[in-house]
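Reading through the structure tokens given below for one structure.
Residue numbers (this note's numbering), protein chains in the order written: chain A, 711 to 1027; chain B, 711 to 1027; chain C, 711 to 1027; chain D, 711 to 1027.
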């Protein structure tokens, strides 16, 4: 990394997810996962977790397909935003400015080498809790309802890519991200990369799309406070007939305590515990996992299930 | 805060604590709290938690008194360090360069308005685990022993000050810290201020010394992963005859789930759960708690006990 | 205890609680504590926790006062019931048979020396979950909703008594209870007694009424699975404006991890974690706590707050 | 079950386990699982968890093989013991009286239809904590060290049997056990049965030995208080190089939150959380799981791994 960290990008802000079962998906996110609706516009419902400080962290958009429409990162300042836009334009992957939406002002859009769409913005709409959503403690954006899983905040997302090596070059250049961990296979190619723009150990991960498709989505993760809350989430998913793909268990990589389910339209959603681990070391050296190490399975020995390598949204043709 | 965050200081690195009962204190930190000794030199033992990436986070020094000898912060780069030194020298509170110690290279020392001694450094000694301390997962600095409380990493510290308002000006100027939360009393004075140099919600707090003494220490905090581990810590302290001052309970301020004990020499030590809360908002607005709000007690109604306002180390004369 | 345990009484079944704020109380029990309504009759609403196997464990009855109307224990068999009735009649404190209610068949009522009303019954109505309440796992009576605190089952209750020594003689004689723990003060009187009819460490406790009133109620307790769920309950009570009297903390007596709140009509309700401790020893020796030991406060040092000794329902005149 | 429960047998007392790696096994049980040695005699070391009230719950005996040597249950009284001995003698599976060992007085031995050896006894040696093992709270047998996993008490064991149907008849007749849950396959045979003599939901389980061997041992289980402690146990096993077979996860049957490992000699050991579930219903109806239901895997969908059906000790020839 740069020896003088100057974080132009502050954090992952939101994900726009597509669903071809909008009512069922909305019911899942509100009543099972515990998000709150903060607005609607066109085919989109804006959703938020109680400790997200911005207007929304999930924009759920009715569509004839699934997957992710775009990913938003908030810049640290107008100057930081301008620097990033200049860098991205120079890289030749810029798309251009948008006028913003219900959740934020103008944003600059671009695409990654795998054709996922990103936007960066600084001017945001901070959540102003209406009376019924006022929290008991003033240092929290919104009331904790304890409805369903009751997730705290958006944590990270995972995208699939044909060529992870290209992404590994791209994200530091475009967003100033650091590569905190990675999987390098015996043939020298990369099976996955984990990136962060701040002190979280990662805010986005890319893993290889075994189907060779492009632009696909693997999962979005919401954080709860405690590992016990992940276990409780499993009980709630079970009672609500939500498909549990794998977990709860602990990843060796990043040590995330995970639980993966599919929301009704098939998009994968993870509940994980808000990381005890932070990357505060300014000269953190990327941790590289070998193919042999990965074959040991997850931290406590669980083997990675096949669908984890193949299921993405939209389905590959 | 500055509209262009450029974090010169990366994080709190270590605390040097004085003890007039060195053997008892060492036994507490190693066998009850669960730290590991990483080195010794002169009257000092260097101690670390399993997920601290540097050589040490606590330097325990035998003395005829108690309290804190100095606090170390690591800079993000040599350039960042140089910028901070220049700023501090200009402020007129610089002390000068040291040659470093077992845990890091040269450092620049200065004092705060209450006469606590700080140092900043970039050149550090990262922990190289000897064979017996090798972790099972390579993204972790050291093996998790599960001995005693088994804390994860240093989290923050709290100092007492005669005049918190002065500190509130000082820390942003000296370290580039942000004030994330504060207590402002009815008379306009400040009862306490919480500061951070990164995405943690705080790494140092200052609260008013009701005895009017200067340079005193309130507590150092080590983080565990889960609130349940704080409860388990209480059971372990109970069985080991450690004095529990207050907790476990949840602070309204910063929402920390806390437990305070005194180590054998009387220095206060906190075990808290590694924060679910992060300050990722680049234009976070300081949360100001009023005197009336503080009178409600802690988050779940526990009244703050008297000794919390008066007990500091060394004892005030 | 008898050297040949033959448990005539199986377990605590239900509590009938009086409220002079029936709507507010019902809202508390259903939406905040997470009970489910299983029926209504007259001024009463029948409520249950998801793992209670009988129709109800709380009968909430609108009244012009508060406190407890009666306490029900289920017998182990018709023969056991008959043996208990014979014993109680001989003791001279019998009231007579009732025809049962929505939750169970005929029951025999009696009063304790402090004038609390009890009933014992064998013929019960086991909960038959309607479609919407069917659990995912067939070894559980009802679906786990995760609504509010989401308590698992009724655990125990606590009554106040003028003369605890009389109760200490009465309960073993009437119900065959064992005294598992007790407080004996310096003057030889008893400050409290904890009783069980089965392997739970207690199902009812009596403590001295410092106001000298008779027939008063101290609290009813619902169990959650984990200590973390008690902490989460505190967060939920805080957000819902429920008065938290004391806790979460751990009692020295019985080691219960507790949290006490007042439901809207003023009746005290406890949330505790389902006991890790069981009394399986058939010749368990009563643990007697002295006045000196009690002065140490709770397990981790919290001092017992004054209202815990004085607040009961209905209020003493 | 009998309509008049009169529990002659109080609880599972201890298991004698054989090991052909006595030093390694002992190190595992003491330093990793967290048991305490309470005595030694001949080739056996007596071990106990901190909340076991008897002298020991595990007798670890050096041998040239592995598996279980005998299982001990404590009777509720001398009369209850006599009744059980009479019943067992009549059943024709009695072996005879022993003079007891370090942990208890005379016991009566018998074998089950699969040739596992049991003993029942009433006269026991309650643990008298030496000074260094005195607990802080007097209602607990021994100090909680927090060493390694730090298990609370023996919970249950699981044996393999050629013919589970025979055991299903045998245990109620011999010990007065109730069958709380069972697996009945499509062909009418039984895949497993769970039994209890008290309010625990089970203290012993038998499952089909797919290798057709007889007298084999599946696992012994020690309970911790919280599900989080099971997760923490997984971290500790990982760091200590203990083989984790499967888990942590939640069984559908009995809803146990489980984690299975092999101690160094190959005997399977489970850590589970002390049951929130109790069987207090005196006329509990056995829950029968079908082959179809079992194919769904564990509660949250984990597939049962093959070794769980085949690995027993001693290895089948």
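All C-beta atoms, glycine included, are put in the ideal place defined by N, C-alpha and C.
Computed from a predicted structure; not experimentally measured.
Below 8 Å between beta carbons: does that hold for residue i and residue j?
{"i": "residue 858 of chain A", "j": "residue 743 of chain A", "result": "yes"}
{"i": "residue 953 of chain D", "j": "residue 979 of chain D", "result": "no"}
{"i": "residue 901 of chain B", "j": "residue 719 of chain B", "result": "no"}
{"i": "residue 722 of chain B", "j": "residue 946 of chain B", "result": "no"}
{"i": "residue 874 of chain D", "j": "residue 917 of chain D", "result": "yes"}
{"i": "residue 931 of chain B", "j": "residue 824 of chain B", "result": "no"}
{"i": "residue 888 of chain B", "j": "residue 906 of chain B", "result": "yes"}
{"i": "residue 928 of chain C", "j": "residue 868 of chain C", "result": "yes"}
{"i": "residue 963 of chain D", "j": "residue 904 of chain D", "result": "yes"}
{"i": "residue 765 of chain D", "j": "residue 717 of chain C", "result": "no"}
{"i": "residue 814 of chain D", "j": "residue 768 of chain D", "result": "no"}
{"i": "residue 973 of chain D", "j": "residue 739 of chain D", "result": "yes"}
{"i": "residue 1067 of chain B", "j": "residue 990 of chain A", "result": "The first residue shown for chain B is 711 and the last is 1027, placing residue 1067 of chain B beyond what the model contains."}
{"i": "residue 1014 of chain C", "j": "residue 1007 of chain C", "result": "yes"}
Show which residues of chain B have a CB atom less than 7 Å away from the CB atom of residue i.
{"i": "residue 982 of chain C", "result": "The contacting residues do not exist; residue 982 of chain C stays about 13 Å from chain B at best."}
{"i": "residue 937 of chain C", "result": "938 and 941"}
Closer than 8 Å by beta-carbon distance: list the chain A residues that pair up with residue i, in chain order.
{"i": "residue 796 of chain D", "result": "Neighbours of residue 796 of chain D on chain A: none; closest Cβ ~45 Å, over 8 Å."}
{"i": "residue 853 of chain C", "result": "949"}
Smallest Cα separation from residue i: which of the options?
{"i": "residue 968 of chain B", "options": "B:735, B:1018 and B:782", "result": "B:1018"}
{"i": "residue 819 of chain A", "options": "A:837, A:791, A:844 and A:838", "result": "A:791"}
{"i": "residue 737 of chain A", "options": "A:890, A:870, A:992 and A:975", "result": "A:975"}
{"i": "residue 1020 of chain D", "options": "D:986, D:816, D:903 and D:921", "result": "D:921"}
{"i": "residue 1001 of chain C", "options": "C:992, C:800 and C:892", "result": "C:892"}
{"i": "residue 949 of chain D", "options": "B:767, B:853, B:836 and B:778", "result": "B:853"}
{"i": "residue 870 of chain A", "options": "A:735, A:977 and A:961", "result": "A:977"}
{"i": "residue 923 of chain B", "options": "B:816, B:826 and B:812", "result": "B:826"}
{"i": "residue 810 of chain B", "options": "B:834, B:965, B:789 and B:800", "result": "B:834"}
{"i": "residue 883 of chain C", "options": "C:847, C:807, C:1013 and C:803", "result": "C:803"}
{"i": "residue 734 of chain A", "options": "A:755, A:995, A:725 and A:724", "result": "A:755"}
{"i": "residue 752 of chain B", "options": "B:960, B:740 and B:732", "result": "B:732"}
{"i": "residue 771 of chain C", "options": "C:805, C:788, C:730 and C:1003", "result": "C:730"}
{"i": "residue 919 of chain D", "options": "D:1016, D:817 and D:821", "result": "D:1016"}
Find the residues of chain A that neighbour residue i, judging by a C-beta separation of less than 7 Å, and give them in chain order.
{"i": "residue 946 of chain C", "result": "856"}
Counting only Cβ pairs nearer than 7 Å, list the residues of chain C close to residue i.
{"i": "residue 954 of chain B", "result": "1010 and 1011"}
Output, in chain order, the set of chain A residues within a Cβ distance shorter than 9 Å of residue i.
{"i": "residue 846 of chain C", "result": "945, 948, 949, 950 and 951"}
{"i": "residue 910 of chain B", "result": "909, 988 and 990"}
Going along chain C, which residues have a C-beta under 8 Å from residue i?
{"i": "residue 862 of chain D", "result": "986"}
Query raised in the report: Listed from N- to C-terminal order along the chain, which residues in the stretch 916-929 of chain B have their beta-carbon within a distance smaller than 8 Å of any beta-carbon of chain C?
Result: none
Query raised in the report: Using a Cβ cut-off of 7 Å, which residues of the stretch 989-1011 of chain C contact any Cβ in chain D, in chain order?
Result: 990, 991, 992, 997 and 1009
Report task. Report yes or no: do three or more beta-carbon pairs, one from the stretch 931-944 of chain A and one from the stretch 930-944 of chain B, lie closer than 8 Å? Result -> yes
Query - Contact the stretch 788-808 of chain A vs the stretch 891-908 of chain A: 3+ CB pairs below 8 Å - result: no
Query raised in the report: the stretch 886-899 of chain B: which residues have C-beta closer than 9 Å to a C-beta of chain A, in chain order?
Result: 890 and 891
Query - Positions along the stretch 775-787 of chain C whose CB lies within less than 7 Å of some CB in chain D - result: 786 and 787
Query raised in the report: What residues from the stretch 739-767 of chain D come within 9 Å of chain C, judged by C-beta to C-beta, listed N to C?
Result: 761, 763 and 764
Query - Contact between the stretch 764-778 of chain A and the stretch 985-994 of chain A (3+ Cβ pairs under 8 Å) - result: no
Query raised in the report: Are the stretch 836-844 of chain C and the stretch 748-767 of chain C in contact at 8 Å, needing three or more beta carbon pairs?
Result: yes
Query raised in the report: Relative to chain A, which residues along the stretch 962-981 of chain B have a C-beta separation below 8 Å, given in chain order?
Result: 962, 963, 964 and 965
Report task. Could you name the residues of the stretch 818-850 of chain D whose beta carbon sits closer than 7 Å to any beta carbon of chain C, in the order they occur along the chain? Result -> 847, 848 and 849
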